[in-house]
DNA sequence: CTGAAAGCGCTTACAG
DNA sequence: CTGAAAGCGCTTACAG
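Residue numbers (our numbering), protein chains in the order written: chain A, 264 to 607; chain B, 264 to 607.
See the structure below:
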């Protein structure tokens with residue numbers, strides 16, 4: 264039914280070896296132009312397409328990248344993650360690699376080892392790994408295949424983990440955001456994390472917030488709540504915050520999606536942004552500037568991250584085994600929600 | 264390095280056949296419990312994981328589903344598509360299938376045939392295929408593998424295409440949305456499509472809008488513009504609309520993301536929603552009710568669609584070859600943007 | 001209840 | 001410049 268390389272060889276009047284050499288463009292094979300043309304014509308005539316499983320089995324490489332997402336629920340609600348998927352997909356395609364999507368289950372665990380051993384993928388990009396996964400990831404990287412942790416701080420290298428990482432510096436950026444609020448005169452600055460702090464990125468942003476308060480001597484005003492990815496959970500987290508006795512004049516919100524919910528909760532409470540409460544958030548998703556109050560936020564570059572992750576993985580696949588950290592610079596985008604200006 | 268089934272067989276003191284039977288749970292093999300246990304223990308002890316390529320080559324099935332996305336750019340900006348990816352991923356996982364992501368390139372073309380012939384996937388879910396792709400999809404389905412077109416109207420069956428489809432009825436739903444505006448007394452109802460009308464869903468929504476106008480005898484007021492997926496493109500499309508001489512008191516916007524841009528364009532133009540201009544849009548993305556004016560919109564159920572697509576594909580994979588259309592009901596969610604009520 | 005052996009469709013030393 | 005042949009690691013009739 265589907266033609267195999269043997270049919271192509273027969274039609275072209277050569278051996279399967281030659282067919283393989285021509286189709287895979289093997290340099291050192293010294294195929295004559297005449298032969299090459301014959302093979303190419305035969306393959307085209309038969310509509311030949313190599314069987315991927317056979318190729319993979321024989322060559323030991325699957326030509327596919329595995330993208331591991333945290334709890335897949337993130338994708339339902341968080342625009343940031345979608346952009347990561349899109350850019351990784353795009354770049355993989357550009358590099359002639361296929362893309363396999365995996366996600367961790369409810370408990371956040373994925374059998375990385377099984378995936379690695381199955382030979383289904385040549386390398387792994389793991390998005391926002393949990394702190395508890397670092398040991399296993401390191402072992403996967405050492406034993407089986409290259410691995411890039413997306414959205415991880417470079418500390419993985421500092422602490423002896425061997426795999427590559429890419430990410431913006433959540434800690435520094437969070438400080439940047441909070442310092443902006445401090446500079447505007449705010450003293451009582453609350454924090455709403457965008458998810459559970461088992462996620463490294465959530466945790467780092469919280470630490471950055473706290474560190475900024477410490478340096479300014481404002482920790483006595485520190486109060487915080489955690490949302491759970493959706494705008495709705497942000498709404499609820501903000502309500503919990505409002506019920507506390509401690510007051511605040513500004514909130515550093517863990518991401519933009521959650522900030523949408525926070526804005527609504529504040530409005531529903533009769534509070535105006537930025538007049539009564541100033542907000543700075545994180546991500547600069549495409550809708551951030553279309554929010555009820557255009558959001559002042561930390562702009563990250565997920566597309567660049569995604570592309571870079573793929574590039575780093577391919578580097579390692581080529582045998583360039585140095586684990587590196589690629590840092591993506593971020594920037595504070597000032598819009599209306601912090602009350603410091605009206606640029607949009 | 265990685266153990267193979269032969270090592271497992273050796274350790275368990277059986278043949279590879281037996282190992283394969285036990286691990287694949289082959290019913291009719293009549294493996295004794297004692298043997299089964301021995302094999303399982305040996306496999307566990309060695310940390311054995313079957314090689315996927317070998318399995319696929321030998322069995323003729325890859326146990327993976329291919330998910331084909333339209334222009335990958337959609338994912339950058341459209342929350343709807345992300346939910347589709349998430350649900351398909353989730354359901355695939357639940358069904359023990361792997362998920363391969365493919366996307367069409369800039370010109371919107373993908374070599375479906377190559378993908379099908381490579382044997383990399385057992386079946387295909389194609390999201391929002393372009394009208395021009397139907398012939399090829401039909402052929403792929405006939406020649407190579409089951410295929411489900413996601414977001415397609417059932418007309419594919421009516422017109423003789425053989426593959427299965429799933430989707431809400433864009434035409435009917437658009438009419439529903441527009442009729443709601445008509446019922447509220449609007450006569451001059453403009454339309455802003457969310458993308459180019461080469462996409463079947465964009466086209467159907469436009470037709471639904473126009474059909475509603477026809478039935479109400481309002482086509483003389485019909486004006487339209489098309490955005491290009493992002494909120495920003497919605498902003499621009501709305502500006503173009505505002506520059507026309509024709510006036511309007513309501514807009515049916517092709518999706519929520521674009522509606523965010525439309526809202527901003529109207530505000531910047533000094534128009535209030537819903538007082539001056541009423542808006543109904545489409546999708547009910549998670550942020551729709553957190554928009555500057557909570558959006559009245561058609562709620563679709565992408566998660567259900569995604570899950571159903573996978574289920575339909577698996578049915579066909581099991582040999583149940585009937586092409587069917589699964590229709591997902593939608594509903595109009597009334598919020599503030601149409602001015603008819605204040606439910607949220 | 002279990003095993004020997006063929007076969008899936010490629011790649012890749014190796015030999016010439 | 002090209003080909004015969006082994007091998008990748010499984011599954012699956014077939015035989016017993």
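Cβ coordinates follow ideal geometry from the N, Cα and C atoms, glycine included.
**OP:** Answer yes or no: do residue 558 of chain B and residue 495 of chain B have a C-beta to C-beta separation smaller than 7 Å?
**Re:** In the second chain, residue 558 of chain B corresponds to position 295, counting from 1. In the second chain, residue 495 of chain B corresponds to position 232, counting from 1. No, the Cβ-Cβ distance between residue 558 of chain B and residue 495 of chain B is not below 7 Å.
**OP:** Drop a sphere of 10 angstroms on the beta-carbon of residue 295 of chain A, count the other beta-carbons inside from all chains shown, and report buried for 16 or more, exposed for fewer.
**Re:** Locating residue 295 of chain A in the first chain gives position 32, where the first residue counts as 1. Residue 295 of chain A comes out exposed.
Original post:
Going by alpha carbons, who is nearest to residue 500 of chain B out of B/429, B/525, B/481 and B/366?
Top reply: Here residue 500 of chain B corresponds to residue number 237 of the second chain, with the count starting at 1. Checking every option, the nearest Cα to that of residue 500 of chain B belongs to B/525.
Original post:
Under three-state DSSP, which class holds residue 424 of chain A?
Top reply: Here residue 424 of chain A is taken as the residue at index 161 of the first chain, counted from 1. Residue 424 of chain A falls in the coil class under three-state DSSP.
Original post:
Under three-state DSSP, which class holds residue 588 of chain B?
Top reply: Position 325 of the second chain, counted from the first residue, corresponds to residue 588 of chain B. Looking at residue 588 of chain B - three-state DSSP - the assignment turns out to be strand.
Original post:
So is residue 561 of chain B in contact with chain A if we call contact Cβ pairs under 7 Å?
Top reply: To locate residue 561 of chain B, count along the second chain from 1; it is residue 298. It does not; no Cβ of chain A falls within 7 Å.
Original post:
Are the beta-carbon atoms of residue 407 of chain A and residue 388 of chain A separated by less than 7 Å?
Top reply: If you number the first chain from 1, residue 407 of chain A lands on position 144. If you number the first chain from 1, residue 388 of chain A lands on position 125. Cβ distance not < 7 Å, so residue 407 of chain A and residue 388 of chain A don't count as in contact.
Original post:
Does residue 316 of chain A come within less than 7 Å of chain B when only Cβ atoms are used?
Top reply: By one-based count along the first chain, residue 316 of chain A stands at place 53. True, the Cβ-Cβ gap to chain B drops below 7 Å.
Subject >> Where the beta strand (DSSP E) through residue 545 of chain A begins and ends >> reply: Taking the first chain and counting its residues from 1, the one referred to as residue 545 of chain A is at position 282. First-last of the beta strand (DSSP E) with residue 545 of chain A: 541-546.
**OP:** For the region 554-570 of chain B and the region 471-479 of chain B, state whether three or more C-beta atom pairs, one from each stretch, are separated by less than 8 Å.
**Re:** no
Original post:
Would residue 330 of chain A pass as a contact of residue 364 of chain A if the rule is Cβ separation under 7 Å?
Top reply: Taking the first chain and counting its residues from 1, the one referred to as residue 330 of chain A is at position 67. Taking the first chain and counting its residues from 1, the one referred to as residue 364 of chain A is at position 101. Yes, the pair counts as a contact, with Cβ atoms nearer than the cut-off.
Original post:
Would you call the CB atoms of residue 627 of chain B and residue 536 of chain B closer than 7 Å?
Top reply: With chain B covering 264 to 607 only, the question about residue 627 of chain B has no answer from this structure.
Subject >> DSSP beta-bridge partners of residue 609 of chain A >> reply: Residue numbering for chain A in the displayed model covers 264 to 607; residue 609 of chain A lies beyond these limits and cannot be assessed.
Original post:
Can we say the region 351-366 of chain B touches the region 431-439 of chain B, given the rule of at least three CB pairs closer than 8 Å?
Top reply: no
Original post:
For residue 294 of chain B, does the three-state DSSP call read helix, strand or coil?
Top reply: Translated into positions along the second chain, residue 294 of chain B becomes position 31. Residue 294 of chain B: coil per DSSP, three-state reduction.
Original post:
Where DSSP assigns a beta bridge to residue 443 of chain A, which residues make up the other side?
Top reply: Residue numbering aside, residue 443 of chain A sits at position 180 when the first chain is read from its first letter. Paired residue(s): none; residue 443 of chain A is not in a bridge.
**OP:** Decide if residue 271 of chain B is buried, meaning its Cβ has at least 16 other Cβ atoms within 10 Å, or exposed.
**Re:** Against the second chain, residue 271 of chain B aligns to sequence position 8. It is buried - the Cβ of residue 271 of chain B has at least 16 other Cβ atoms within 10 Å.
**OP:** Indicate whether residue 451 of chain B and residue 512 of chain B have their beta-carbon atoms separated by less than 7 Å.
**Re:** Indexing the second chain from 1 puts residue 451 of chain B at position 188. Indexing the second chain from 1 puts residue 512 of chain B at position 249. Yes, the Cβ-Cβ distance between residue 451 of chain B and residue 512 of chain B is below 7 Å.
Original post:
Under three-state DSSP, which class holds residue 473 of chain A?
Top reply: Taking the first residue of the first chain as position 1, residue 473 of chain A is located at position 210. In the structure shown, residue 473 of chain A sits in a helix (DSSP, three-state: H, G or I).
**OP:** Could you tell me whether the Cβ of residue 553 of chain B comes closer than 7 Å to any Cβ of chain A?
**Re:** Here residue 553 of chain B is taken as the residue at index 290 of the second chain, counted from 1. Judged by the 7 Å Cβ criterion, residue 553 of chain B is in contact with chain A.
Original post:
residue 553 of chain A: which of B/528, B/573, B/538 and B/486 sits nearest, CA to CA?
Top reply: Walking along the first chain from the start, residue 553 of chain A turns up at place 290. Comparing Cα-Cα distances from residue 553 of chain A to each of B/528, B/573, B/538 and B/486, the minimum goes to B/528.
**OP:** Could you give the DSSP three-state label for residue 365 of chain B: helix, strand or coil?
**Re:** Numbered from its first residue, the second chain carries residue 365 of chain B at position 102. It is a strand residue.
**OP:** Determine the extent of the alpha helix (DSSP H) in which residue 270 of chain B is found, giving its start and end residues.
**Re:** Looking up residue 270 of chain B in the second chain gives position 7. It spans 268-275 - the alpha helix (DSSP H) in which residue 270 of chain B sits, taken as one unbroken run.
Original post:
Alpha carbon to alpha carbon, how far is residue 431 of chain B from residue 575 of chain A?
Top reply: What you label residue 431 of chain B is simply residue 168 of the second chain in a count that begins at 1. What you label residue 575 of chain A is simply residue 312 of the first chain in a count that begins at 1. If I take the Cα positions, the gap works out to 41 Å.
**OP:** Report the neighbours of residue 571 of chain A on chain B: residues whose CB is nearer than 9 Å to its CB, in chain order.
**Re:** Counted from its first residue, the first chain places residue 571 of chain A at position 308. Residues of chain B passing the Cβ test: none, with the nearest at roughly 16 Å.
Original post:
Just reading off the beta strand (DSSP E) that residue 394 of chain A is part of, what are its end residues?
Top reply: Stepping through the first chain from its first residue, residue 394 of chain A is reached at position 131. First-last for residue 394 of chain A: undefined, no H or E at that position.
**OP:** Consider the Cβ of residue 333 of chain A: report whether some Cβ of chain B lies at a distance smaller than 7 Å.
**Re:** In the first chain, counting from the first residue as 1, residue 333 of chain A sits at position 70. No, its Cβ sits nowhere closer than 7 Å to a Cβ of chain B.
Subject >> Contact the region 320-338 of chain B vs the region 294-311 of chain B: 3+ CB pairs below 8 Å >> reply: no
Original post:
Going straight from the alpha carbon of residue 534 of chain A to that of residue 444 of chain B, what length do you get?
Top reply: In the first chain, the residue the question calls residue 534 of chain A occupies position 271. In the second chain, the residue the question calls residue 444 of chain B occupies position 181. Roughly 32 Å separates the two Cα atoms.
Subject >> Same chain, Cβ closer than 8 Å to residue 276 of chain A, five either side skipped, listed in chain order >> reply: Position 13 of the first chain, counted from the start, is the residue given in the question as residue 276 of chain A. Here the set comprises 301.
Original post:
Does the ligand ADP have even one heavy atom less than 6 Å from the beta-carbon of residue 270 of chain B?
Top reply: This structure lacks the ligand ADP; in fact it carries no ligand of any kind.
Original post:
At a CB-CB cut-off below 7 Å, which residues of chain B make contact with residue 308 of chain A?
Top reply: For the purposes of this step, residue 308 of chain A is taken as the residue at position 45 of the first chain. Those do not exist, as residue 308 of chain A stays about 14 Å from chain B at its closest Cβ, beyond 7 Å.
**OP:** With 7 Å as the threshold, decide whether the Cβ of residue 549 of chain B is near any Cβ in chain A.
**Re:** Here the question's residue 549 of chain B lines up with position 286 in the second chain. Yes - at least one Cβ of chain A is within 7 Å of the one on residue 549 of chain B.
Subject >> Endpoints, the alpha helix (DSSP H) within which residue 524 of chain A is located >> reply: In the first chain, the residue the question calls residue 524 of chain A occupies position 261. Looking at the DSSP string, the run of the alpha helix (DSSP H) that includes residue 524 of chain A is 519-531.
Original post:
Taking one C-beta from the region 339-347 of chain B and one from the region 336-346 of chain A each time, how about it: are there three or more such pairs within less than 8 Å?
Top reply: yes
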